[in-house]
Amino acid sequence: MANLFGSGGVDNMDEEVIDEAANDVFNDGNVDIVRLRDLLHRQYQSFCFLQDIFPRSFSNLSRQPFNTSSLRGSDWLNEILLGHPRRFYNQLHMDKDTFHLLCTKVRDTGRVPEHQRTRVSLQESVAIFLYTVGRHQRHRLSMERFQRSGETISRHVHVVCDALCDMAQEYICPPDMSVDCVGAIDGTIVEAWAPARNHATYRTRKGLLGQNVMAACDFNLMFTFVMAGWEGSANDARVFADAISNPQYNFPWPPSGKYYVVDSGYTNFPGSWLLTGGPLSYSPEWMEQIDTQEHVSELYNRRHAIVSNHIERCFGGLKKRFPMLKGLMPNYLLCTQSDIVIACCVIHNFIRKHCNVPDEIWNAIRDPDWHEPDENEQASTSRPIRRYDLSEDALWEQNLVRDSIAQHLWHDHCRGGAH
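Just so we're aligned: the sequence shown equals residues 1 to 419 in UniProt numbering.
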């Protein structure tokens with residue numbers, strides 16, 4: 001290109017230079033020099049036009065490489081696969097054998113085509129997804145860790161997410177209907193990103209943007225039904241009514257005489273298959289002074305709380321393993337955010353079913369009284385508590401202060417001092 005445009009640069013180039021360059025390159029007489037001259041002249045004019053519009057872009061055509069780390073993503077993955085098991089678990093939140101089995105299942109879905117595995121292996125694709133959903137950060141952290149572009153990270157997150165959603169029919173199965181109580185149902189808020197026009201509907205009661213996720217689980221702490229995508233402002237009863245009335249969700253109805261356990265946010269539906277609990281009284285002497293006539297509701301509510309706590313432990317373990325669900329959700333499409341929730345629930349059940357070694361998260365939620373601490377509660381307890389005097393005398397004094405300010409403003413206005 002430098003020989004064609006001359007050593008003096010584009011600014012010193014004229015029509016004679018174009019003719020000379022064309023004659024030097026095509027001197028065999030078989031090329032239409034006039035036509036070639038017109039073609040090069042049009043290209044030259046277009047180049048000069050762009051140079052006038054974008055002077056800075058053409059003044060510095062050199063590009064500096066961005067991902068220059070010597071430890072590429074594949075090398076880092078091989079390093080932790082060959083390293084200490086604890087290190088691998090800290091990064092991807094599962095053991096090595098379960099990870100290899102998960103990669104095999106993802107490959108069997110056929111969602112990851114062969115041509116996408118030439119530069120990024122299947123194992124690295126799955127690791128990109130696990131690393132991304134296992135952090136509070138956005139894609140920049142995954143870009144730095146795997147030394148990949150943002151487009152590559154996003155593409156492989158979507159591909160693996162679609163593969164995991166295809167596995168939902170195999171791993172999110174209806175519960176065992178042979179027992180009277182087949183499971184527990186509840187809803188949870190998963191933080192979401194939404195366009196500005198949808199902020200009102202996705203705004204939760206805590207002021208955050210989120211989606212309402214309804215799920216059912218059995219007593220082995222495995223999800224048996226998951227429905228994601230409802231706006232955060234929707235209440236649990238409305239989401240549940242949609243789940244059981246819409247046939248496309250295929251809600252696992254219990255047989256006659258069987259039931260789910262739910263909390264007081266739901267209502268008892270006909271058929272006696274939903275049991276709700278009332279408010280609990282946690283008096284210290286309750287366990288020692290049970291009277292069948294007086295404390296029958298207390299006994300029922302205590303047992304109800306123990307059973308319904310299974311779904312709370314499932315939600316707590318899910319968010320503990322995948323902090324993206326309780327932290328900063330990237331600006332995916334709303335349908336993609338719902339798919340990510342489903343994919344995380346699939347991995348939750350997959351680990352529960354196939355993991356043969358002690359798992360830190362399972363050990364944490366094994367306690368029946370365990371629950372995930374609420375971040376808002378932690379923040380509120382860390383701040384000092386202010387005591388406000390709301391007595392009638394205090395309110396009367398504040399009214400006097402307000403009236404005094406109003407009188408001063410009025411006197412200033414009458415004297416012409418206010419503008």
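The beta-carbon is built from N, C-alpha and C at its ideal position, and this holds for glycine as well.
Under a 10 Å Cβ-count criterion, Glu191 is classified as buried, with 16 or more other Cβ atoms of the shown protein chains found around its own Cβ.
Taking every protein chain shown into account, the CB of Lys258 has 16 or more other CB atoms within 10 angstroms, so this residue is buried.
Residue pairing by DSSP places Thr188 opposite Val213 in a beta bridge. The shortest CA-to-CA distance from Leu334 to any of Asp236, Gly416, Leu209 and Phe47 is the one to Leu209. Counting C-beta pairs with one atom in each stretch, the stretch 137 to 154 and the stretch 183 to 197 have fewer than three that are closer than 8 angstroms, which means they do not touch. From the listed residues Leu40, Ala127, Ala200 and Arg135, the smallest Cα separation to Pro330 is found for Arg135. For the options Leu221, Cys414, Phe146 and His100, the alpha carbon positioned closest to that of Gly316 is the one of Leu221. In this model, Leu81 and Pro113 are separated by some 24 angstroms (Cα to Cα). In this model, Thr68 and Ile153 are separated by some 17 angstroms (Cα to Cα). Closest by C-alpha distance to Pro65, out of Tyr131, Ala127 and Ser149, is Ser149. If you ignore the 5 residues before and after Asp339, its C-beta comes within less than 6 angstroms of the C-beta of Cys161 and Cys165, all in its own chain and listed in chain order. Taking the CA atoms as reference points, Phe322 sits about 34 angstroms from Tyr300. Judged by their CB atoms, Val341 and Val213 are nearer to each other than the 7 angstroms cut-off. In chain order, Ala184, Cys217, Phe219 and Leu221 place their CB closer than 7 angstroms to the CB of His310, counting only its own chain and leaving out the 5 sequence neighbours on each side. Counting only runs of 3+ residues, no beta strand (DSSP E) is found wholly inside the stretch 152 to 178. By the criterion of a C-beta distance shorter than 7 angstroms, Tyr249 is surrounded in its chain by Met227 and Ala243, once the five residues flanking it on both sides are discounted.
Thr204 sits in coil when the DSSP states are folded into three classes, being neither helix nor strand. In this structure, DSSP gives Tyr89 a helical state, which the three-state scheme calls helix. Of the candidates Tyr266, Glu124, Ser256 and Gln43, the residue whose Cα lies closest to the Cα of Ser178 is Ser256. Fewer than three beta-carbon pairs drawn from the stretch 115 to 133 and the stretch 40 to 49 are found closer than 8 angstroms, and the two stretches are therefore not classed as touching. DSSP places Tyr260 inside the beta strand (DSSP E), whose first and last residues are Tyr259 to Val262.
Rounded to whole angstroms, His199 and Ala241 show a C-alpha spacing of 23 angstroms. Restricting attention to Tyr202, Arg72 and Ile365, the CA atom closest to the CA of Ala234 is found in Tyr202. Around the beta-carbon of Trp410, fewer than 16 other beta-carbon atoms lie within 10 Å, marking it exposed. With a beta-carbon spacing of about 19 angstroms, Thr98 and Cys173 fall beyond the 8 angstroms limit used to define contacts. For Val226, the three-state secondary structure derived from DSSP is strand. Secondary structure within the stretch 291 to 365: the alpha helix (DSSP H) runs of 4 or more consecutive residues, fully enclosed, are 296 to 321, 334 to 354 and 360 to 364 (chain order). Apart from the 5 residues on each side of it in sequence, Arg366 has no Cβ closer than 8 angstroms to any other Cβ in its chain. Fully contained in the stretch 86 to 146 are the following alpha helix (DSSP H) runs of length 4 or more, in chain order: 96 to 108, 122 to 133 and 139 to 146. Leu325 and Ser74 have their C-alpha atoms spaced approximately 26 angstroms apart.
Our two residues, Tyr89 and Arg107, have alpha carbons roughly 22 angstroms apart in a direct line.
By a beta-carbon distance limit of 8 angstroms, Asp236 does not contact Gly207. Their separation comes to about 19 angstroms.
Counted as a single uninterrupted DSSP element, the alpha helix (DSSP H) harbouring Phe240 occupies residues Asp236 to Ser245. The Cβ atoms of Ser308 and Val261 lie closer than 7 angstroms to each other.
Residue environment analysis places Glu231 among the buried positions, since at least 16 neighbouring C-beta atoms fall within 10 angstroms of its C-beta.
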